[in-house]
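In this note's numbering, the protein residues as written are 7 to 349.
Heads up, the beta-carbon is just placed ideally off N, CA and C, and yes, glycines get one too.
Predicted model only: the values in this text are computed from it and were never measured.
In what follows, a structure is listed as structure tokens, so that the remarks can point back to it.
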Ligand SMILES: [Zn+2]
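Here it is in structure tokens:
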């Protein structure tokens, strides 16, 4: 090798090493005297200074010692490997090529592992993203480190377990044969599940009630609340302090965390238009929430939304209205898990 080439090689020397976070093989380049740029197949790219690298080492050693002392040798080592995995997944999600700060560092070592079902969901969604068309058979590498990081999965064995799990619950079809690769196809149920889980606030059990608050509307208020509860959801009733046509932060916050909204468009006094109800329904609609419209029979809506289906009510008969509203909610979202409270 000529002198000149050797010079260039030295200035941009790439060192192959074990990743200080996850121990997968990584490439390390000096940025300056005290920082490295590390490219790891699992953690992605990050910059680390020597001080933080020392801290990682100390923390991991401390963690390892503590767990071996508490649980014995193999279990302690496994827990340590799991801690590296969590730290690595956090780095791959949030660092993306920048310097690891003390704040990242705290998250890497203080965040709990996520539940098994959440990992399985992440895996299914990631597989869904990889498909170009419905029915595509994907080749999944068991040593796909990027996939391990994305789904908070420990290693190839655990990935295979998760694929088998998705196969068992019927959302993918897994071809059990093969060496380091597995053939995977998402089933119709799997696609249905992916779409369902992309709806906003999929896990929420809250149904927001938007309506005119006035003593004359109390029966309707109770009827909507009962219908939501009977369907297995928690009615979010905004209490009296929020009445006065005021959209405050509390209301916006509650709409944001709801799975759906029931909006009653009835205005008994034409001059006091139900502006806040329209605003809240529009806001929920823009967030992608389902809005179920209701109104008193024969009432004309304020804007031209006549073509939207509404469930109507009559003052002398709320039972039928309640039944219809419950059925609509269950048809849209299935029976919810919220238990009706005794009042
Ligand atoms: Zn790594």
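Exercise for the section: Go ahead and pull the three-state DSSP assignment for residue 241. Expected result: As a first step, residue 241 must be located in the chain shown, where it is residue number 235. The answer is strand: DSSP assigns residue 241 an E or B state.
Exercise for the section: Report yes if the C-beta distance between residue 233 and residue 332 is below 7 Å; otherwise report no. Expected result: Locating residue 233 in the chain shown gives position 227, where the first residue counts as 1. Locating residue 332 in the chain shown gives position 326, where the first residue counts as 1. Result yes, Cβ atoms of residue 233 and residue 332 sit closer than 7 Å.
Problem - Neighbourhood of residue 110 by C-beta distance below 8 Å, restricted to the same chain and skipping five residues each side - result: Here the question's residue 110 lines up with position 104 in the chain shown. Answer for residue 110: 96, 97, 100 and 101, listed in chain order.
Problem - Entirely enclosed alpha helix (DSSP H) segments - the segment 90–126, minimum 4 residues - result: 108–116
Exercise for the section: Give a yes or no on contact between the segment 135–145 and the segment 185–204, applying the rule of three or more CB pairs nearer than 8 Å. Expected result: Using a C-beta cut-off of 8 Å, the segment 135–145 makes contact with the segment 185–204, since at least three inter-stretch Cβ pairs fall below that distance.
Practice task
Let me know the secondary structure DSSP gives residue 218 once reduced to three states.
Solution key: The sequence position of residue 218 within the chain shown is 212, counting from 1. Coil at residue 218, not helix or strand.
Problem - From 123, 43, 199 and 240, residue whose alpha carbon lies closest to that of residue 345 - result: Here residue 345 refers to the residue found at position 339 of the chain shown. The residue with the shortest Cα to Cα distance from residue 345 is 240.
Practice task
Compute the minimum distance between the beta carbon of residue 41 and the heavy atoms of ligand 1, and state whether it is under 6 Å.
Solution key: Residue mapping note: residue 41 aligns to position 35 of the chain shown, counting from 1. Residue 41: no, Cβ never under 6 Å from ligand 1.
Problem - Simplified DSSP state of residue 72, which is helix, strand or coil - result: Counted from its first residue, the chain shown places residue 72 at position 66. In the three-state scheme derived from DSSP, where H, G and I count as helix and E and B as strand, residue 72 is classed as helix.
Handout entry: Secondary structure, alpha helix (DSSP H): runs of 4+ residues fully inside the segment 189–215
Key = 194–204
Handout entry: Best match in 66, 122 and 77 for proximity to residue 112 [C-alpha to C-alpha]
Key = Numbered from its first residue, the chain shown carries residue 112 at position 106. When each option's Cα is compared against that of residue 112, the closest is 66.
Practice task
With DSSP collapsed to three states, give me the class of residue 230.
Solution key: Along the chain shown, read from residue 1 onward, the residue named residue 230 stands at position 224. Three-state DSSP puts residue 230 in a helix.
Problem - Rounded distance between the beta-carbons of residue 263 and residue 207, thought under 8 Å - result: Translated into the one-based positions of the chain shown, residue 207 becomes position 201. Translated into the one-based positions of the chain shown, residue 263 becomes position 257. Right, the Cβ-Cβ distance comes to about 6 Å (below 8 Å), so this counts as a contact.
Practice task
Less than 8 Å between the CB atoms is what I'm expecting for residue 266 and residue 327, so what's the real figure, rounded?
Solution key: Position 260 of the chain shown, counted from the first residue, corresponds to residue 266. Position 321 of the chain shown, counted from the first residue, corresponds to residue 327. With 8 Å as the limit, residue 266 and residue 327 do not qualify as a contact, their Cβ atoms being about 17 Å apart.
Exercise for the section: Consult DSSP for residue 171 and reduce its assignment to one of helix, strand or coil. Expected result: On the chain shown, position 165 is the one that residue 171 refers to. DSSP, read as helix, strand or coil, puts residue 171 in helix.
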